[in-house]
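Notes follow once the structure below has been shown.
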Amino acid sequence: MKKWHIKELSDLTNTSIRMLRHYDKIGLLTPSYREANGYRCYTAPDLAKLQQIVALKYFGLSLNTIKTILEKHTNIYAHLQAQQQVLKKERLHLQKVNEVLEKVLKGLSPSTSPDWTDLLSLIEEFNMTNNLRKKLKEGWAGRSLTESQFEEYLFLYEQFPEEFAQRDEIIEQINNKLVGDPEGPDGERVISFIIDVTKKMKRYFSEHMKLGSSILKSIQSGQLTQLEITPEGANWLARAQLSHWLKRWDNLYNKIVANLENSPGGKEGEALAGEWRGLINEHLAGGSKDYLMGIILWQESARQDEEIKALKHIPSPQEMIKKCHIKILFHPEASFWINQALGYHS
Numbered sequence: 001m002k003k004w005h006i007k008e009l010s011d012l013t014n015t016s017i018r019m020l021r022h023y024d025k026i027g028l029l030t031p032s033y034r035e036a037n038g039y040r041c042y043t044a045p046d047l048a049k050l051q052q053i054v055a056l057k058y059f060g061l062s063l064n065t066i067k068t069i070l071e072k073h074t075n076i077y078a079h080l081q082a083q084q085q086v087l088k089k090e091r092l093h094l095q096k097v098n099e100v101l102e103k104v105l106k107g108l109s110p111s112t113s114p115d116w117t118d119l120l121s122l123i124e125e126f127n128m129t130n131n132l133r134k135k136l137k138e139g140w141a142g143r144s145l146t147e148s149q150f151e152e153y154l155f156l157y158e159q160f161p162e163e164f165a166q167r168d169e170i171i172e173q174i175n176n177k178l179v180g181d182p183e184g185p186d187g188e189r190v191i192s193f194i195i196d197v198t199k200k201m202k203r204y205f206s207e208h209m210k211l212g213s214s215i216l217k218s219i220q221s222g223q224l225t226q227l228e229i230t231p232e233g234a235n236w237l238a239r240a241q242l243s244h245w246l247k248r249w250d251n252l253y254n255k256i257v258a259n260l261e262n263s264p265g266g267k268e269g270e271a272l273a274g275e276w277r278g279l280i281n282e283h284l285a286g287g288s289k290d291y292l293m294g295i296i297l298w299q300e301s302a303r304q305d306e307e308i309k310a311l312k313h314i315p316s317p318q319e320m321i322k323k324c325h326i327k328i329l330f331h332p333e334a335s336f337w338i339n340q341a342l343g344y345h346s
């Protein structure tokens, strides 16, 4: 049977003799037997156990935890998973501390002393970020985003604190039914705010498209903020959005009809083609034209399917279009004019 004295085991495993003696003292790794002269003798099972100790210690587990795992044969996976979460938090903490140090060092030289007031302000800023992180973790962002996306979302939140605070307030008003008619001034106020904020964040979304998609997915599913919107609130918001867009499309239609005497290739055509594309781009919110067209066709097919099932006769395409109030489809000249304008000013 293979055996090792303490010095040999120390050399074999790169574990100090002092540490092996400590393991023996606390009952974590007791040698299989001792020789008559008192020398410790370790066997193959002892070596295997030491290898487990070294591995678990490497992951940051305490000696008491390791002892419990080895003695009671508890679930190592659960312990490692918990330790991983601890290490993630420590990593984030060290990352933030490093950011604070970088800010401090930028304003220092080897011959100057730090401004302790500024230093305390940086630490306070760091603590505020930690508090915000905890708050967001408890909401939809903590449930919906990956760790890396969450950190970017936290950064985004810090860049637009006023906008996010106002958004939270609006969603709370909607949830508590403190808003009026979604097709009236309150609905227009809320949708205009959402559009303005989206424009402000569009640049950031373009640089972090994966993050933007995650956030938009949560927005579209009704999770606008960490205050999760209620089903009634989602219905109110949907009605407000539809009313807003229909008004804007109708307004654009009226402008097109008013300019039929002008050339679609002129400045009027250029302006209205730009407005048409602008409305489409606002609808896209980070997607593509192909994506938007696919969604529109899919939704329209589903809507018509539900309507047809509820009717006693199959309506004609003209009847379906008329029901949707898409005015431009009943005005061939207006339809032709804007199509030409879009072609001239592509």
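Residues 1 to 346, numbered by my numbering, are exactly what the sequence shown covers, in order.
The beta carbon of each residue, even a glycine, is placed where N, CA and C say it ideally should be.
Option nearest residue i by Cα separation, candidates the options
i: Ala55; options: Trp245, Ile69 and Leu237; result: Ile69
i: Leu279; options: Ala258, Ser263, Val257 and Arg248; result: Arg248
i: Thr146; options: Leu63, Lys88 and Lys255; result: Lys88
i: Gly274; options: Ser243, Val179, Ile328 and Asn339; result: Asn339
i: Leu28; options: Met1, Arg34 and Thr65; result: Thr65
i: Met19; options: Lys57, Ser32, Glu35 and Arg34; result: Lys57
i: Ile191; options: Ala240, Gln166 and Ile229; result: Ala240
i: Glu151; options: Leu92, Glu99 and Ala238; result: Leu92
i: Leu63; options: Tyr344, Leu136, Asp24 and Lys199; result: Asp24
i: Lys267; options: Lys2, His345 and Asp196; result: His345
i: Lys2; options: Ser109, Pro31, Thr43 and Pro264; result: Thr43
i: Leu272; options: Ile256, Asn281, Asn262 and Ser263; result: Ile256
i: Ile26; options: Asp181, Leu136, Glu71 and Arg189; result: Glu71
i: Gly184; options: Leu242, Lys135, Gln159 and Gln52; result: Leu242
Neighbourhood of residue i by C-beta, 8 Å cutoff - its chain only, sequence neighbours within 5 removed
i: Thr15; result: Leu9, Leu50 and Val54
i: Leu227; result: The predicted model places Leu227 with a pLDDT of 45, which falls under 50 and marks its position as unreliable, so this point remains unresolved.
i: Arg277; result: Leu342
i: Gly60; result: Gln83, Val86 and Leu87
i: Leu12; result: Trp4 and Leu47
i: Ile219; result: Residue placement at Ile219 cannot be trusted, given a pLDDT of 48 that sits under 50; what the coordinates show is reported in the next sentence. Excluding sequence neighbours, Ile219 sits near nothing in its chain.
i: Cys41; result: Lys3, Trp4, His5, Pro31, Ser32, Tyr33, Arg34 and Glu35
Beta-carbon contacts of residue i that lie in its chain and below 7 Å, excluding the five residues immediately before and after
i: Glu333; result: Leu260
i: Phe164; result: Tyr157
i: Pro264; result: Trp337, Gln340, Ala341 and Tyr344
i: Pro133; result: Correcting the residue identity first, residue 133 is Arg in this sequence and not Pro. Counting only Cβ-Cβ distances below 7 Å, and skipping sequence neighbours, we find Leu154.
i: Leu105; result: none
i: Asn131; result: none
Delimiting residues of the alpha helix (DSSP H) encompassing residue i
i: Lys25; result: Ile17 to Lys25
i: Lys3; result: It is not in any alpha helix (DSSP H) - Lys3 instead sits in the beta strand (DSSP E) that spans Lys3 to His5.
i: Thr65; result: Leu63 to Lys72
i: His244; result: Pro231 to Ala258
i: Ser109; result: Taken as a continuous stretch (DSSP letters only), Ser109 belongs to no alpha helix (DSSP H), as it is neither H nor E.
i: Ala165; result: Pro161 to Asn175
i: Gly343; result: Pro332 to Tyr344
Burial state of residue i, where buried means 16 or more other Cβ atoms lie within 10 Å
i: Pro45; result: exposed
i: Leu156; result: buried
i: Met201; result: buried
i: Ser221; result: Because Ser221 sits at a pLDDT of 45, beneath the cut-off of 50, its placement in the model cannot be relied upon, and the point is left open.
i: Gln223; result: At Gln223, the pLDDT of 47 sits below 50, so the modelled position is not reliable and the matter cannot be decided from this model.
i: Arg143; result: exposed
i: Arg34; result: exposed
i: Leu101; result: exposed
i: Gly233; result: buried
i: Ile17; result: exposed
i: Ile194; result: buried
i: Ile229; result: buried
i: Leu237; result: buried
i: Pro182; result: buried
Delimiting residues of the beta strand (DSSP E) encompassing residue i
i: Tyr42; result: Arg40 to Thr43
Contacts around residue i, its chain only, beta-carbon distance under 6 Å, and the 5 residues preceding and following it disregarded
i: Leu80; result: none
i: Val179; result: Gln173 and Asp186
i: Val197; result: Glu163
i: Ser32; result: Thr43 and Asp46
i: Ser335; result: Ile328
i: Glu99; result: none
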